[in-house]
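Asks:
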Amino acid sequence: MVNGESVKYRMALFASGAGSNVQKIIDHFRAHTSIAVASIVCNNPNAGVIKIAQKENIPLLMIEKKKFQETGYVDKLVEAEIDLIVLAGFLWRVPAKLVHAFPQKIINIHPALLPNYGGKGMYGKAVHEAVMRSGDSESGITIHYVDEEYDHGNIILQKKCAVHPMDDATILAKRVQQLEHQYFAEAIEALLLEKES
Ligand code: GRF
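At position 9 of the sequence shown the residue is numbered 1037 (the numbering used here), and the sequence of numbers has no breaks.
Right, here's the structure in full:
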């Protein structure tokens, strides 16, 4: 978990599901000298990410909807000295309290090229089905800052992949996931280290 005295930036990873991105981020920063995964925050008692937290020995915070909406669990995150919140497959809207407590310090990954195919209900297969229906020839990932609207804040990075007419949502989801796994952790590192220069 936290890599010791030299750590300058402590991340909290928020996830609702399988956690494949969480795992990639943990692997990327495992031996990092200045950035560490300090906490995993989860809203879903059946999420695969819970096992990841246990296996990796990373503190896990299970959250509850009403309290999240009312408090954003800001006190817990401040207490854990979190510098950056990373939404890695987290499905609840982030409440204003949390956005204001961590200005420009919450980022999300979305499995399409925003501003298209975002917003409430646009997650998982629904996103890729919408892209397929549109006839677009490209999809990809968007890493962006989080504000109070779903999939809305300023864009940090986009990476594209092709969409072929013979694809289906499952095939496209895999292609997009490869981009997530390839670029998300790197983008987080660049963002944090850029703040220093
Ligand atoms: C990813 O596609 C991410 O873009 C989206 O939720 C999915 C999470 O997948 N926001 P996983 O739980 O990291 O495997």
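All C-beta atoms in this analysis are idealised placements derived from N, C-alpha and C, irrespective of residue type, glycine included.
Can you list, in chain order, the residues of its chain whose CB lies under 7 Å from that of Ser1034, leaving out five sequence neighbours each side?
Replies: Mapped onto the sequence shown, residue 1034 falls at position 6. Cβ within range, chain order: Thr1061 and Ser1062.
Asks: Tell me whether Asp1103 is buried or exposed, calling it buried when 16 or more other Cβ atoms sit within 10 Å of its Cβ.
Replies: As a first step, residue 1103 must be located in the sequence shown, where it is residue number 75. Asp1103 comes out exposed.
Asks: Please find out if some non-hydrogen atom of the ligand GRF comes closer than 7 Å to the beta-carbon of Gly1045.
Replies: Numbered from its first residue, the sequence shown carries residue 1045 at position 17. Checking every heavy atom of the ligand GRF against the Cβ of Gly1045, one is found closer than 7 Å.
Asks: Is His1172 near the ligand GRF, judged by its Cβ being under 7 Å from some heavy atom?
Replies: Here the question's residue 1172 lines up with position 144 in the sequence shown. Checking every heavy atom of the ligand GRF against the Cβ of His1172, none is found closer than 7 Å.
Asks: Is any heavy atom in the ligand GRF found nearer than 7 Å to the beta carbon of Ala1116?
Replies: Counted from its first residue, the sequence shown places residue 1116 at position 88. Under cutoff, so the answer is yes.
Asks: In the DSSP assignment, find the beta strand (DSSP E) that holds Leu1207 and state where it starts and stops.
Replies: Mapped onto the sequence shown, residue 1207 falls at position 179. Run containing Leu1207: none in the beta strand (DSSP E); it sits in the alpha helix (DSSP H), Ala1197 to Glu1222.
Asks: Starting from the N-terminal side, write out each stretch of the alpha helix (DSSP H) that is 4 residues or longer and does not extend beyond the region 1056-1129.
Replies: Those alpha helix (DSSP H) runs which fall completely within the region 1056-1129 and span 4+ residues are 1077-1084, 1093-1099, 1102-1107 and 1124-1129.
Asks: If Gly1117 sits next to Ala1218, beta carbons under 8 Å apart, how far is it from one beta carbon to the other, in whole angstroms?
Replies: What you label residue 1117 is simply residue 89 of the sequence shown in a count that begins at 1. What you label residue 1218 is simply residue 190 of the sequence shown in a count that begins at 1. Their Cβ separation, rounded to whole angstroms, is 21 Å, which puts Gly1117 and Ala1218 out of contact at 8 Å.
Asks: Using the C-alpha atoms, what's the distance from Ser1165 back to Pro1139?
Replies: Within the sequence shown, residue 1139 is the residue found at index 111, counting from 1. Within the sequence shown, residue 1165 is the residue found at index 137, counting from 1. Answer to the nearest angstrom: the Cα atoms are 15 Å apart.
Asks: Taking three-plus beta-carbon pairs below 8 Å as touching, is the region 1141-1156 in contact with the region 1198-1213?
Replies: They touch, by the three-pair rule.
Asks: Between Gln1205 and the ligand ADP, is the CB less than 7 Å from at least one heavy atom?
Replies: As for the ligand ADP, it is missing from this structure, which binds only the ligand GRF.
Asks: Nearest by alpha-carbon distance to Ile1086: which of Asn1144, Leu1185 and Ile1053 is it?
Replies: Taking the sequence shown and counting its residues from 1, one reaches residue 1086 at position 58. If we check each option's Cα against that of Ile1086, Ile1053 comes out closest.
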